[in-house]
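> Protein chains in written order, with the numbering used here: chain A, 1 to 539; chain B, 1 to 194. Just so it is clear, CB atoms sit at the ideal spot from N, CA and C, and this is done for glycine as well. Fair warning: this is a prediction, and the values are worked out from it, not measured in the lab.
Okay, here's the thing in structure tokens:
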């Protein structure tokens, strides 16, 4: 048995590899990216030829993972919380089809929105799908849950959700690994229509899913991830979900809790353990990173004076991630006041890298827009979203992946002209292609700038599915070849860029402008390997 | 023994390399370690920090509670002050004095240094200049780590061993340049400790 120093995300990847996984499917998204990257670089995974290439988006990843499970093998699907919205159709239906080989859907939530548009809590999706959720408290549990999750999935014949948050995903600690399991052999589902969700089959399958609920509860009841710590002082009991347990322990070292504590790491809620703590304690404080899911379940709708405390009654702030200080305050413990930040300390927001091609296209776009007026540029999600900040102030929207083109179309339908979309090459294939087709069908007058840096830049430079085929895709979808314009975004071509943008904005149909220059980060990296790796064997 | 360290800087300045070296040194001494990093968007020239916790006992939280950090190690002067709420009463602030100016409202350097000097336990070091002097201009982060090393409860030799392990793939010369930088930083602190 060896000990490794791993990020939470990497611990999940190692646990899945050791647990007999045959492939991972994912689209990069902070804070989930490192799971797949770890599999891509892991020696054993490469030797075993485990699938680890990026998918076009989270929905295709989810469906491919389900296909691998159909074939009897163990698969993991990874995404960030907003990615689960994209994959939701396949995800919810996978609970109805059930699985053949073990399937773990790992979703990384981002409370406090370190790099996201919202804080949504994926446990709601797990509950919505009515499948078990595993929520690790630390890196070791992240490893163990991935390792054991496939078996739980195969035992229940249901996909399992693993939910983590940014803090655990991006924090390193020592991990003890376990003996490596073999991959499953190819094996077709015993029931030939299990995966055919025609209404008549789906109704049967759904009843089956409902029938499984009590078994899932029993599993949670006896799960080693749900631990009850008895204690004398029952003025308050504490239910600590996932990483919240760490913040609780920080205040009570060595698990010396004065109050009863239920550490919760596996859902659905273990009924008798929850009932016990609620019955024996005067109040119960719920500690959960994300939304008040457990709190709401225990509190109900009408019981406003409930003994349940948490985010709803202000014991814990309603938004933002937890930390040891928030937990201490909620328990009435002393919190040390640190020194104050001197007023001269200025904000230092992220910015487009020096030499980044997005800078050049925004300079050209800003100049062109002087002629056409303000607030007509719809953007997407990627590095170029930083163009919303000074000194650029170039863009007017960022909603979800792919939304730039469709919002520009809607605005054009409303009479905005020119309506401009800025999107990246990777985001374009993620969910911009269907949006482009909508505009083509109606020949909507939109100008789409696909700022092509040949990579998925924001998440650290993963492969982009558009590389080498962007013009073909656009023409294939129906953009007229003379309105697919490729530019080189460099200061010396500034005037040319302005002229092309002007021409295409004046054109009353669909046009695509592709400024193309490699990401300055990936360019630097290919020249010299500067990445310092900490993954080393601990003795 | 425990050292709770806040590492501070600007995205791309090499604080994760400092974390990696201290991490290796901690492992050599059979210590527990937790290190929370900032990934993603913030790395693009924004303020970045890492909570690094080392202890002989198991560590619970990935985040250091406020007012409990033993050291702030910063590779940029303004960034060293951003995390003061975490610094304990008797904690040390060790910072590079070379500013990274990528914003228009960067504060006046004299005022910045005055704020740093207000702290009872501080080491302000021109790490970029010292790195140049030891002919290792790219290793200013290791100079800062060297300057902080007297306040980290790990044998100095272990930090050098950490550098050997982290940089070994890049060759002996790079390893030696980083060790020289570390040593220069440590010497500076030895002569400037109050």
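(1) Under a CB-based cut-off of 8 Å, is residue 540 (chain A) close to chain B?
(2) Does the beta carbon of residue 56 (chain A) sit closer than 8 Å to a beta carbon anywhere in chain B?
(3) Within the same chain, show all residues whose beta-carbon is closer than 6 Å to that of residue 2 (chain B), passing over the 5 residues directly before and after it, in chain order.
(4) Can you list, in chain order, the residues of the region 326-338 of chain A whose Cβ is nearer than 8 Å to any Cβ on chain B?
(5) Of the residues that make up the region 143-172 of chain B, which ones have a beta carbon closer than 7 Å to any beta carbon in chain A?
(6) Determine, using beta carbons only, whether residue 521 (chain A) and residue 54 (chain A) come nearer to each other than 8 Å.
(7) Could you have a look at residue 199 (chain A) and say whether DSSP puts it in helix, strand or coil?
(8) Can you give, in chain order, each stretch of the beta strand (DSSP E) that sits fully within the region 71-150 of chain A and has at least 3 residues?
(9) Apply the 10 Å Cβ neighbour rule to residue 214 (chain A) and answer buried if 16 or more other Cβ atoms are within range, or exposed otherwise.
(10) Shortest alpha-carbon distance to residue 71 (chain B) belongs to which of B:181, B:188, B:171 and B:148?
(11) Alpha carbon to alpha carbon, how far is residue 253 (chain A) from residue 125 (chain A)?
(12) Let's see if you can read the secondary structure: which residues bound the alpha helix (DSSP H) around residue 169 (chain A)?
(13) Count the other C-beta atoms from every protein chain shown that fall within 10 angstroms of the C-beta of residue 31 (chain B), then say buried if there are 16 or more, exposed otherwise.
(14) Starting from residue 249 (chain A), find everything on chain B with Cβ-Cβ shorter than 8 Å and list it in chain order.
(15) With 7 Å as the C-beta to C-beta threshold (strictly closer), list the residues of the region 82-115 of chain B near chain A in chain order.
(16) Which partner residues of residue 87 (chain B) appear in the DSSP bridge assignment?
(17) Alpha carbon to alpha carbon, how far is residue 530 (chain A) from residue 142 (chain B)?
(18) Enumerate in chain order the residues of its own chain whose CB-to-CB distance from residue 273 (chain A) is below 8 Å, with the five nearest sequence positions on each side excluded.
(19) Using C-beta distances below 8 Å, list every residue in its chain close to residue 350 (chain A), excluding the 5 sequence neighbours before and after it, in chain order.
(20) For residue 411 (chain A), which residues from the same chain have a beta carbon less than 8 Å from its beta carbon, with the 5 sequence-adjacent residues on both sides left out?
(21) Taking C-beta pairs closer than 8 Å, name the residues in chain B that residue 170 (chain A) reaches, listed in chain order.
(22) Can a CB atom of chain B be found closer than 8 Å to the CB of residue 351 (chain A)?
(23) Report the start-end ranges of each alpha helix (DSSP H) in the region 214-274 of chain A that is 4 residues or longer and not cut off at the edges.
(24) Taking 8 Å as the CB-CB limit, is residue 137 (chain B) close to chain A?
(25) Between which two residues does the beta strand (DSSP E) harbouring residue 32 (chain B) extend?
(26) Quick check on residue 124 (chain B): does DSSP put it in helix, strand or coil?
(27) Work out the CA separation of residue 275 (chain A) and residue 428 (chain A) for me, nearest whole Å.
(28) Rank A:175, A:232 and A:81 by C-alpha distance to the C-alpha of residue 161 (chain A) and give the top, closest one.
(29) Quick one: is residue 192 (chain B) buried, meaning 16 or more other Cβ sit within 10 Å of its Cβ, or exposed?
(30) Which residue from A:445, A:502, A:495 and A:432 puts its Cα closest to that of residue 473 (chain A)?
(31) My assumption, with CB atoms under 8 Å, is that residue 20 (chain A) sits in contact with residue 68 (chain A). Please give the rounded CB distance.
(32) Which same chain residues end up closer than 7 Å to residue 185 (chain A) when comparing Cβ atoms and leaving out the 5 residues on each side of it in sequence?
(33) Taking the alpha carbon of residue 129 (chain B) as the reference point, which residue from B:159, B:101, B:140 and B:59 has its own alpha carbon closest?
(34) What residues match up with residue 510 (chain A) in a beta bridge as DSSP calls it?
(35) Can you check DSSP and say which residues form a bridge with residue 152 (chain A)?
(36) Using the three-state DSSP reduction, which class does residue 25 (chain A) fall into: helix, strand or coil?
So, from the listed chains and residues:
(1) This structure cannot speak to residue 540 (chain A), because chain A is shown only from 1 to 539.
(2) no
(3) 55
(4) 328, 335, 336, 337 and 338
(5) 165 and 166
(6) Contact check for residue 521 (chain A) against residue 54 (chain A) fails: the beta carbons are separated by 8 Å or more.
(7) Residue 199 (chain A): helix per DSSP, three-state reduction.
(8) 74-80 and 103-109
(9) exposed
(10) The candidate whose alpha carbon is nearest that of residue 71 (chain B) is B:148.
(11) 33 Å
(12) 166-169
(13) buried
(14) Close partners of residue 249 (chain A) in chain B (Cβ separation under 8 Å): 60 and 61.
(15) Only those residues of the region 82-115 of chain B whose C-beta falls short of 7 Å from the nearest C-beta of chain A are listed: 82, 84, 85, 86, 87, 102, 103, 105, 106, 107, 111, 112 and 115.
(16) For residue 87 (chain B), which the question treats as bridged, DSSP gives the partners B:69.
(17) Unreliable positioning characterises residue 530 (chain A) in this predicted model, as indicated by a pLDDT of 39, which lies under 50. A coordinate reading is not provided.
(18) For residue 273 (chain A), where only same-chain residues beyond five positions count, the Cβ hits under 8 Å are 221, 226, 228 and 262.
(19) 386
(20) 376, 378 and 419
(21) 36, 37, 38 and 39
(22) yes
(23) As for any alpha helix (DSSP H) of minimum length 4 sitting wholly inside the region 214-274 of chain A, the runs are 244-251, ordered along the chain.
(24) no
(25) The continuous beta strand (DSSP E) containing residue 32 (chain B) extends over residues 32-36.
(26) strand
(27) 49 Å
(28) A:81
(29) exposed
(30) A:432
(31) 12 Å between Cβ atoms; not a contact.
(32) 72.
(33) The shortest C-alpha separation from residue 129 (chain B) is found at B:140.
(34) For residue 510 (chain A), which the question treats as bridged, DSSP gives the partners A:446.
(35) Beta-bridge pairing links residue 152 (chain A) to no other residue.
(36) strand
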